[in-house]
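Engineer: Residue numbers (full-length UniProt numbering): 1 to 284.
Virtual Cβ for every residue (Gly too), placed ideally from N, Cα, C.
Quick one: structure below, then a few questions.
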Amino acid sequence: MLQLPPSGQPHYTVAFSPDGRWLAAGGLGSAVDFWDLHAPSLPSRRVGPFSATVIRVQFTPAGRLVLATTERAFVFEFASAGAPLSLQGDLPRSSRAVCSPDGSSLATVGAVVTTWGLRGAVPVVRRRHNIFTASDAAFTGDSRLLVASEEGITVLPESGGTGHQIPVSGCPHRIACSADGDLAAVLALGNLSVWHLPTRAAVVDRYARTHGGWLSVAFAPHGRRVVTGGIDGTVAVWDAAGSGPPLRTFQWDLGPVYAVAFDQNGQCAAAAGRAGALVWDVDD
């Protein structure tokens, strides 16, 4: 486990760069912190502050960094990070945001769910989806959008339309998707469930009070593991298709763990929360 130097802000979102060298985390301080994992003892670099809380940082395969606050979206050329380059645009008030894997689209969750195109000089509205109880969203590798709401999982096709719903009990509040788009992990109250999207069937539906209070969830790129972060500081690694207890459970001094992420090969994971950020080898 590698504890990173504290940056002084609670982090709500965390992401690895494509080459695994950098870890980016943004949060309540309306800024993004970057740690060089090749020199992890060095203090973080910081971009910001922005005008509002950072709710999403996500690297594109080309190494750009998409950043969303509760009010605006930015794209940085990370190699020369310091000022946003290709895009700045206003968004409706949002509580969650997610970028498509190729960096071409952004989805924001607010009063409604909105998808935006990011290829131009400013974000362009593509579609608005009247899902009024949405709490989170995730993109699949083929650009479908998964929305978690009181109704369960809504799967919206890239071409538009109403999509279809998968009922999930317990008011889902977080969702993550495997890289191939076949599996979705959902947090709902004390439940961690994994769903096979093509068949709309639950692969696993766990309920364990001792591991409840989950705040964050991420899928490994290969789809075999899921990591969760808890309100009590617990971090757990799960077999995505297994019904047993966590493969590993950790208790670190992060406070509530608001964000978790895997690197590109699924060997390392990161957790970020109220009191800092860290990375670890999930096979250790």
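Which word fits Ser7, buried or exposed, when buried means at least 16 other C-beta atoms lie within 10 angstroms of its C-beta?
Structural biologist: Note on Ser7: 16 or more other CB atoms within 10 angstroms of its CB, so buried under the neighbour-count rule.
Engineer: If you pair each beta-carbon of the region 41-58 with each one of the region 20-31, do three or more pairs fall below 8 angstroms?
Structural biologist: yes
Engineer: Cα-Cα, which of Gly152, Asp36, Asp232, Phe139 is closest to residue 296?
Structural biologist: Nothing about residue 296 can be read from this structure; the chain reaches only from 1 to 284.
Engineer: Asn265 to Pro18, Cα distance in whole Å?
Structural biologist: Whole-angstrom Cα-Cα distance: 9 angstroms.
Engineer: Hey, would you say Ser243 sits closer than 7 angstroms to Gly229, going by beta carbons?
Structural biologist: no
Engineer: Which ranges does the beta strand (DSSP E) cover as unbroken runs of at least 3 residues, wholly within the region 94-138, from first to last along the chain?
Structural biologist: 96-99, 105-109, 113-117, 124-129
Engineer: With DSSP collapsed to three states, give me the class of residue 285.
Structural biologist: The displayed coordinates of the chain run from 1 to 284. Any statement about residue 285 would go beyond what the structure contains.
Engineer: Can you tell me which of the three DSSP states Phe219 falls into?
Structural biologist: In the structure shown, Phe219 sits in a strand (DSSP, three-state: E or B).
Engineer: Does the separation of the CB atoms of Gln3 and Leu278 fall below 7 angstroms?
Structural biologist: yes
Engineer: Looking only at C-alpha atoms, which of Pro5, Arg126, Gln9 sits nearest to Leu42?
Structural biologist: Minimum Cα distance to Leu42 is reached at Pro5.
Engineer: What are the start and end residues of the beta strand (DSSP E) that includes Arg45?
Structural biologist: 45-47
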